[in-house]
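Reading through the structure tokens given below for one structure.
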DNA sequence: TTGTAAGCGTTATCAA
DNA sequence: TTGATAACGCTTACAA
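Protein chains in written order, with my numbering: chain A, 10 to 387; chain B, 10 to 387.
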């Protein structure tokens with residue numbers, strides 16, 4: 010017959026009693042830490058099995074002061090970027106015996122603050138966070154000097170002096186933009202998200218403390234600057250950080266009297282939204298417009314044309330963050346490290362050389378988009 | 010100056026001492042449960058603030074027997090289907106004061122077993138699981154009669170008699186197939202994943218205990234049967250549950266001497282993989298082939314042509330599961346309920362009527378696929 | 001090797 | 001309203 014129909018799980022005490030050994034002895038065998046004679050050990054294990062004993066890890070955590078749980082705060086698990094990151098984290102954490110508590114912050118500093126405190130109160134052994142705001146991190150330094158290990162993901166906050174795992178977004182954006190410039194484009198637009206509330210920066214120093222989008226924007230501007238191209242503010246679009254946001258900004262770009270000949274987007278959401286807008290307007294890529302996206306998601310291969318994108322090692326971002334965190338938890342000392350993972354440009358079919366490559370921006374006025382003919386719309 | 014540079018968090022005892030009140034009194038104010046005079050209350054709160062007191066939720070859980078944590082086991086958080094589900098769960102759980110521990114099972118029953126036990130040992134208040142195997146659920150019933158609330162997601166296991174939140178995959182597949190049949194298709198293929206190890210079922214009773222993919226396959230077959238169409242086993246493809254798997258099966262389909270005129274896929278991974286294969290072969294959809302996918306993901310709108318798909322309420326699947334679970338946790342009684350959420354067909358441009366609609370299957374031999382011309386390949 | 005006893009930081013009970 | 005004191009289930013000295 011099954012042990013108990015419901016309720017009351019067996020405890021070490023119960024097992025000890027059933028095996029008629031001392032409490033601590035049972036605890037030692039079950040917890041696997043002291044030493045016990047094989048004979049007794051067998052008795053205890055048998056009793057445990059018949060009672061269906063399962064250890065209470067909460068109690069264990071209370072006693073040991075370690076919960077074997079990691080806290081992870083990302084903007085939105087629905088964003089494939091973060092989903093893949095979380096997978097990377099999880100794949101490293103589990104084999105090491107750590108579980109993951111996941112929280113979405115929606116890029117809201119306040120949600121993050123609450124989440125992070127809650128996680129700390131739940132006694133997680135460490136926290137990985139993609140910080141929502143780079144200028145609002147009191148809650149993070151609070152954690153830090155409470156002694157809780159914390160690893161920043163995707164966005165660094167130098168003032169925190171915490172471990173961080175990021176990509177070089179500045180350089181990535183620069184490379185992509187360079188490529189468009191090399192193809193002869195002079196009116197290059199960028200669709201980025203409003204998380205970069207910074208005004209268009211006129212200087213291009215490696216940004217000290219600015220969000221992901223801001224860094225990529227800076228890289229874009231730097232490339233233009235290096236090429237001696239003036240920045241047309243009309244071509245710098247801050248979208249709300251949604252597909253719809255990018256959609257409408259990309260649309261607005263094409264409505265300009267002098268639309269861009271190339272568009273660069275700064276993350277996968279922007280890429281999707283902008284691309285959809287171009288599709289709906291039946292703008293031919295790359296004939297009418299060159300397009301450079303961000304994030305090498307599966308779908309970028311199967312659209313028409315396949316998109317050239319900046320590929321970042323998303324999974325590794327998560328895995329590395331987890332490894333870093335586990336290292337700290339196991340007591341690795343040393344000052345905080347910022348790990349910068351490499352990106353690369355993936356060239357597919359969405360950009361092309363434009364003919365008049367020499368500073369004739371004025372004459373590149375685009376003709377109104379003709380109604381498309383390729384796609385069998387339904 | 011900041012309280013402590015590191016280590017040792019303040020406890021209720023510390024606060025009590027600092028406020029010079031009894032320990033229990035401090036505990037009551039801080040825990041917000043007993044009654045305390047406003048005056049004392051103020052003193053305690055002040056002391057707590059200056060000491061930077063943060064409750065230890067683990068200790069609280071020990072005492073109360075409730076951890077305010079939910080366990081969630083899905084196949085793979087990278088799959089957008091599960092990512093959206095988890096978002097739905099999280100959005101319901103958090104406002105209710107519950108955190109979520111996330112585990113990936115990769116559809117492996119054994120991973121799931123380990124995960125589920127670990128979660129139980131961590132004293133989660135309930136578990137939501139998309140069970141990997143419908144015939145291997147000992148670990149789940151084990152939980153059940155330990156009294157831990159459990160909600161099945163996406164896949165029901167009738168023998169368990171647990172709450173479940175699913176869609177009617179049978180009907181969904183049937184509808185999609187019906188639609189293809191109505192368009193005159195007679196050689197209709199299906200690309201599904203190998204999780205349905207069931208042989209091609211010859212009977213179409215509402216499947217008692219079969220995985221998601223199997224149910225959808227049954228719906229497909231049922232539709233064919235109702236239309237009096239014979240099943241060509243060559244057109245029933247079990248792919249490994251990856252993009253690559255679907256890719257190669259779809260490719261194989263088109264290599265048949267008598268390829269299908271329509272393809273139906275049974276989840277978003279199959280859809281992506283199959284579609285990519287068709288793209289790469291430059292098969293024109295819907296001119297050369299009609300295509301019906303599964304899951305209304307964003308990218309299905311922006312491919313060429315936009316895909317007709319079975320849309321399921323993914324977010325709601327998660328949200329409903331969480332609501333159901335919370336209900337049980339709060340003690341709602343009553344027998345297990347299976348909630349079936351509605352699906353719907355989204356018609357876009359990937360299917361079309363075929364001319365010879367009347368049982369002339371034999372004459373529908375397709376001509377070899379001509380090299381495509383539309384896409385500016387790079 | 002075994003057992004006793006003292007925590008871990010809460011909540012819950014019960015007098016005062 | 002207060003304040004001891006006993007759980008909660010485990011680990012960790014410390015003795016025996």
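Beta carbons are placed, not taken as given, at the ideal position from N, Cα and C, and that holds for glycine.
Query, Result
"In the segment 257 to 289 of chain A, which residues sit with their C-beta less than 8 Å from some C-beta in chain B, listed in chain order?", "281, 284, 285 and 288"
"Identify each residue in the segment 39 to 66 of chain A for which the Cβ-Cβ distance to at least one residue of chain B is less than 9 Å, and report them in chain order.", "61, 63, 64, 65 and 66"
"Looking at the secondary structure, which residues open and close the beta strand (DSSP E) in which residue 79 of chain B lies?", "78 to 83"
"Among residues of its own chain, excluding the 5 on either side of residue 38 of chain A, which ones have a beta-carbon nearer than 6 Å to its beta-carbon?", "45, 50 and 53"
"Compare the C-alpha of residue 266 of chain B against each of B:196, B:58 and B:66 and name the closest.", "B:196"
"Mind listing which residues of the segment 296 to 323 of chain B have their C-beta closer than 7 Å to chain A's C-betas, in chain order?", "307, 308, 310, 311, 312, 313 and 314"
"State the Cα-Cα distance for the pair residue 306 of chain B and residue 139 of chain B, rounded to the nearest angstrom.", "20 Å"
"With a 10 Å radius around its C-beta and 16 neighbouring C-beta atoms as the bar for buried, classify residue 231 of chain B as buried or exposed.", "buried"
"For residue 321 of chain B, write down the residues that DSSP places opposite it in a beta bridge.", "Per DSSP, none; premise fails for residue 321 of chain B."
"Could you check which residue in B:234, B:300 and B:346 has the C-alpha nearest to that of residue 356 of chain B?", "B:300"
"Cα separation between residue 194 of chain B and residue 360 of chain A?", "38 Å"
"Report whether the distance from the Cβ of residue 44 of chain A to the nearest heavy atom of the ligand NAD is below 6 Å.", "The ligand NAD is not part of the structure shown, which contains no ligands of any sort."
"Which residues mark the beginning and the end of the alpha helix (DSSP H) in which residue 8 of chain A is found?", "Residue 8 of chain A lies beyond the stretch modelled for chain A, which goes from 10 to 387, so this question has no answer here."
"Name the two residues that bound the continuous alpha helix (DSSP H) containing residue 101 of chain A.", "89 to 102"
"Report the neighbours of residue 138 of chain B on chain A: residues whose CB is nearer than 8 Å to its CB, in chain order.", "Within chain A, no residue comes near residue 138 of chain B; the closest Cβ sits about 15 Å away, beyond 8 Å."
"Taking Cβ-Cβ distances shorter than 9 Å, what residues in chain A pair up with residue 117 of chain B?", "None at all; the shortest Cβ gap to chain A is about 12 Å."
"Give the residues of chain B in contact with residue 111 of chain A, contact being defined as C-beta atoms less than 9 Å apart.", "81, 86, 95, 99, 108, 109, 110 and 111"
"Alpha carbon to alpha carbon, what distance is there between residue 29 of chain A and residue 411 of chain A?", "The requested residue 411 of chain A is not part of the displayed model; chain A covers only 10 to 387."
"Hey, does residue 36 of chain B have any beta-carbon neighbour from chain A nearer than 7 Å?", "no"
"Take residue 319 of chain B as the anchor and find which of B:294, B:227, B:326 and B:351 has the nearest alpha-carbon.", "B:351"
"For the segment 264 to 332 of chain A, which segments carrying the alpha helix (DSSP H) assignment without a break, of at least 4 residues, lie completely within its bounds, in sequence order?", "277 to 289 and 308 to 311"
"Examine chain A for any beta-carbon lying closer than 7 Å to the beta-carbon of residue 130 of chain B, and answer yes or no.", "yes"
"I need the boundaries of the beta strand (DSSP E) containing residue 134 of chain A, first residue and last residue.", "Careful: residue 134 of chain A lies outside any beta strand (DSSP E) and carries neither H nor E."
"Please check if any C-beta of chain B sits within less than 7 Å of the C-beta of residue 179 of chain A.", "no"
"Going by Cα to Cα distance, which pick from A:135, A:125, A:98 and A:20 is closest to residue 77 of chain A?", "A:135"
"Chain B partners of residue 70 of chain A, CB-CB under 8 Å?", "67"
"Between residue 228 of chain B and the rest of its own chain, which residues show a CB-CB distance below 6 Å, the 5 nearest in sequence each way excluded?", "179, 182 and 183"
"Using beta carbons (cut-off 7 Å, strictly below), is residue 366 of chain A in contact with chain B?", "For residue 366 of chain A, the predicted structure reports a pLDDT of 41, less than 50, and the residue's modelled location is therefore unreliable. A value from the coordinates is still provided. Cβ-Cβ to chain B under 7 Å: no for residue 366 of chain A."
"Kindly indicate if chain B contains any beta-carbon less than 7 Å away from that of residue 92 of chain A.", "yes"
"Would you list the one or two residues that DSSP bridges to residue 168 of chain B?", "Note: residue 168 of chain B sits in no beta bridge, so no partner."
"Check distances from the C-beta atoms of the segment 232 to 258 of chain A to those of chain B and list, in chain order, the residues that come in under 9 Å.", "252"
"Helix, strand or coil for residue 49 of chain B per DSSP?", "helix"
"State the beta-bridge partners of residue 465 of chain A as determined by DSSP.", "The requested residue 465 of chain A is not part of the displayed model; chain A covers only 10 to 387."
"If you draw a straight line from the alpha carbon of residue 217 of chain B to that of residue 185 of chain B, how long is it in whole angstroms?", "Legend: pLDDT at residue 217 of chain B = 47, less than 50; position of this residue unreliable, value from coordinates given subsequently. Cα to Cα, residue 217 of chain B sits roughly 22 Å from residue 185 of chain B."
"According to DSSP, residue 353 of chain A sits in a beta bridge with which residue or residues?", "A:320"
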